[in-house]
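See structure below.
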Amino acid sequence: MPPANCSAPSVVVEMSVATLLLLEGGLGLLGNAVALWTFFFRLQVWKPYAVYLLNLVVADLLLTFCLPFHAAFYLKHKTWSFGHASCQSLFFLQVLSRGVGIAFLTAVALDRYFRVVHPRLKVSLTSPRAAWGVSGFVWLLMLGLTHQSLFVSEATCPGLEPAGEVSFSIVWQEALFFLQFVLPFGLILFCNARIIRTLQRLLRDPDKQPKLQRARALVTVVVVLFAVCFLPSFLAQILVAAFRRAGSCGFLGAMVHVCDMTNGLTYLQSVLNPVVYCFSSPAFRYSYRKVFNTLRGRGKETEAPGDIKDSYS
Numbered sequence: 005m006p007p008a009n010c011s012a013p014s015v016v017v018e019m020s021v022a023t024l025l026l027l028e029g030g031l032g033l034l035g036n037a038v039a040l041w042t043f044f045f046r047l048q049v050w051k052p053y054a055v056y057l058l059n060l061v062v063a064d065l066l067l068t069f070c071l072p073f074h075a076a077f078y079l080k081h082k083t084w085s086f087g088h089a090s091c092q093s094l095f096f097l098q099v100l101s102r103g104v105g106i107a108f109l110t111a112v113a114l115d116r117y118f119r120v121v122h123p124r125l126k127v128s129l130t131s132p133r134a135a136w137g138v139s140g141f142v143w144l145l146m147l148g149l150t151h152q153s154l155f156v157s158e159a160t161c162p163g164l165e166p167a168g169e170v171s172f173s174i175v176w177q178e179a180l181f182f183l184q185f186v187l188p189f190g191l192i193l194f195c196n197a198r199i200i201r202t203l204q205r206l207l208r209d210p211d212k213q214p215k216l217q218r219a220r221a222l223v224t225v226v227v228v229l230f231a232v233c234f235l236p237s238f239l240a241q242i243l244v245a246a247f248r249r250a251g252s253c254g255f256l257g258a259m260v261h262v263c264d265m266t267n268g269l270t271y272l273q274s275v276l277n278p279v280v281y282c283f284s285s286p287a288f289r290y291s292y293r294k295v296f297n298t299l300r301g302r303g304k305e306t307e308a309p310g311d312i313k314d315s316y317s
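Using my numbering, the letters of the sequence shown map in sequence onto residues 5 to 317.
This is how it looks when you write it as structure tokens:
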């Protein structure tokens, strides 16, 4: 991130980011609470795919808990008044939950890839119990990779994101963010391209074309979601890294505001992930439609299936 002393305060940017964070927190909490209820009270058949999605919901709920505090930081003109320890904890939870969410989106793509493209491989026959083991490993791995965020200094912590000084913790967090975009996004693109090619070959029957269209919609949603949430922030940080030493203070100051806005977009993942659930099972579509109609004061709808079904089967 750019040096903090190059950034002039901008009330418009601060209010915009705070509003974005509050909207993401509120909508994310509602959407993921409905998803969590659906998992526990409507799903009767559990598959590895469902296990990974449930962990994604938990990560998103953890993230939505952090967003009101992050919004308060911007509403107070980028000052933190809750103490250094709480800032470290909040920063750690944000980094952890965002990283875990990316990891489970990637796990979903890999699970679909092996089951569709290589169904005879042993890894394609993973049981739900094994998927819980994989999920536990993912959480432990991300804890290990993100624990450095607990050691940000008092000079860095008030910004909630690495800024100003350059330390091992900051360099590690920036490198981790780059890897969390490049590697998962590359895997998701590769897996989804192979899935679509395989399904086009297997589902040539005109009667199976609706199933192919649903599969295309699902993988497209995953790719677009990832790009919309993380590509702007990734590009902004690339620019900052490229011009950190050579760029003028005016340019770097402007990049502070750009990074604030694009970083706020990364949390949009918690709001948009329920779209993935809706494409995964009619049970989720029913739950969200029921909540939407209740908010509009409309009547009940017919019951939906209670198990989670692959969009590819």
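For glycine and all other residues, C-beta sits at the position ideal for the given N, C-alpha and C.
Fill in: Cα-Cα separation, residue 168 to residue 145
A caution first: residue 168 carries a pLDDT of 48, below 50, which makes its placement in the model unreliable, though a value can still be read off. For residue 168 and residue 145, the distance between alpha carbons rounds to 28 Å.
Fill in: Extent of the continuous alpha helix (DSSP H) to which residue 31 belongs
Taken as a continuous stretch (DSSP letters only), the alpha helix (DSSP H) holding residue 31 covers 15-45.
Discussion item. For residue 188, count the other beta carbons within 10 Å of its own beta carbon; 16 or more makes it buried, fewer makes it exposed. Which is it?
Written reply: buried
Discussion item. I need the straight-line Cα distance from residue 238 to residue 66, nearest angstrom please.
Written reply: 22 Å
Fill in: residue 236 versus residue 266: straight-line alpha-carbon distance, rounded
6 Å
Item to complete: Please state if the CB of residue 272 and the CB of residue 28 are separated by a distance shorter than 7 Å.
Response: yes
Item to complete: Spell out a yes or no on whether the segment 66-79 and the segment 93-100 are touching, meaning 3 or more CB-CB pairs, one atom from each, closer than 8 Å.
Response: yes
Discussion item. In this structure, how does DSSP classify residue 48 when only helix, strand and coil are distinguished?
Written reply: It is coil, neither helix nor strand.
Worksheet item: Helix or strand or just coil, what does DSSP make of residue 266?
Response: helix
Worksheet entry | Nearest neighbour of residue 23, chosen from 45, 56, 42, 71 [CA to CA] | 71
Worksheet item: Can you check whether the CB of residue 222 is closer than 7 Å to the CB of residue 283?
Response: yes
Worksheet entry | First and last residue of the uninterrupted alpha helix (DSSP H) at residue 147 | 132-150
Worksheet entry | Per-residue burial, residue 201 [other beta carbons within 10 Å of its own, 16 or more giving buried] | exposed
Worksheet item: At what residues does the alpha helix (DSSP H) containing residue 290 begin and finish?
Response: 286-300
Worksheet item: Going by C-alpha distance, which of 55, 259, 34 is nearest residue 294?
Response: 34
Worksheet item: Are residue 56 and residue 108 close, meaning C-beta to C-beta below 7 Å?
Response: yes
Worksheet item: Once you ignore the five residues that flank residue 113 on each side, which residues in its own chain have a CB closer than 7 Å to its CB?
Response: Closer than 7 Å at the Cβ level, and outside the excluded window around residue 113, lie 191, 192, 195, 196, 226.
Fill in: Chain-order list of residues whose beta-carbon lies under 7 Å from that of residue 128 (same chain, five-residue window excluded)
Cβ-Cβ distances below 7 Å link residue 128 to 118, 119, 122 in the same chain, with the five nearest sequence neighbours on each side left out; the list follows chain order.
Discussion item. Please report the straight-line C-alpha distance between residue 106 and residue 183, rounded to a whole angstrom.
Written reply: Going by C-alpha positions, residue 106 is about 11 Å away from residue 183.
Worksheet item: Taking the Cβ atom as the reference point for each residue, do residue 63 and residue 104 lie within a distance shorter than 7 Å?
Response: Between residue 63 and residue 104, the C-beta spacing is below 7 Å.
Fill in: Classification of residue 25 by the beta-carbon crowding that lies within 10 angstroms, buried from 16 upward
buried
Worksheet item: At which residues does the alpha helix (DSSP H) containing residue 103 begin and terminate?
Response: 88-121
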